[in-house]
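Going by numbering that gives the first Met the number 0, the residue at position 114 of the sequence shown is 113; the numbering climbs one at a time, nothing skipped.
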Amino acid sequence: MVQIKREGGLTMEFKNTKGIFLQIADSISEKVMEGKYPPGDKIPSVRDLALEMGVNPNTIMRTYGELQSRGIIDTKRGVGYYVSNEAIDIIRQWKRKEFFDNDLPLIVRQTKILNIAFEELKPYFD
0 MVQIKREGGL TMEFKNTKGI FLQIADSISE KVMEGKYPPG DKIPSVRDLA
50 LEMGVNPNTI MRTYGELQSR GIIDTKRGVG YYVSNEAIDI IRQWKRKEFF
100 DNDLPLIVRQ TKILNIAFEE LKPYFD
């Protein structure tokens, strides 16, 4: 794990198991879902976000390219990048797929290994 902290900026711990640009895309997506970057709002410029996060601007370009290809952000030529109106639905669908493909199988495996009955889990869903 690599921790990057800039004075007055954001601290982010990057995992070695996933590309930094994808981890930044996840972080931006979380901010959209939390309402910090609502649909229609402008997000930081490539240069500003690169400085804030202490990464190369090319990394942010890859991040923004990934988010654009997913339909989460749009670009307005000469103006900047904006959160798309469909971003929340797109992110929710993307994160649900990730959960069902990656996280849930691990949870199910652990419940089997630990012999945890569904009834024991049910209170956590109420």
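Yeah, the Cβ is synthetic: ideal placement off N, Cα and C, and Gly gets one too.
Check your understanding: Would the beta-carbon of glutamate 65 fall within 8 Å of that of leucine 113?
Key -> Here the question's residue 65 lines up with position 66 in the sequence shown. Here the question's residue 113 lines up with position 114 in the sequence shown. 8 Å or more divides the Cβ of glutamate 65 from the Cβ of leucine 113.
Practice item. Using a threshold of 8 Å, state whether the C-beta atoms of lysine 78 and proline 38 are closer than that. Key: Residue numbering aside, residue 78 sits at position 79 when the sequence shown is read from its first letter. Residue numbering aside, residue 38 sits at position 39 when the sequence shown is read from its first letter. Sequence inspection shows valine at residue 78; the lysine mentioned does not correspond to that position. Between valine 78 and proline 38, the CB-CB gap reaches or exceeds 8 Å.
Exercise for review: Drop a sphere of 10 angstroms on the beta-carbon of isoleucine 72, count the other beta-carbons inside from all chains shown, and report buried for 16 or more, exposed for fewer.
Suggested key: Counting from 1 along the sequence shown, the entry for residue 72 is found at position 73. Isoleucine 72 is buried by the Cβ-count criterion.
Review point. Name the DSSP bridge partner or partners of phenylalanine 98?
Key: Counting from one through the sequence shown, the residue named residue 98 turns up at place 99. The secondary-structure analysis by DSSP pairs phenylalanine 98 with nothing; it has no beta-bridge partner.
**Study point:** Per-residue DSSP class, three states only, for tyrosine 36
**Key:** Numbered from 1 along the sequence shown, position 37 holds the residue referred to as residue 36. For tyrosine 36, the secondary structure class from DSSP, reduced to helix, strand or coil, is coil.
Point to revise | Proximal residues to methionine 32 (C-beta, below 7 Å), its chain only, five neighbours per side dropped | key: Position 33 of the sequence shown, counting from 1, holds the residue named residue 32. Within the same chain, methionine 32 has close Cβ partners Ile87, Ile90.
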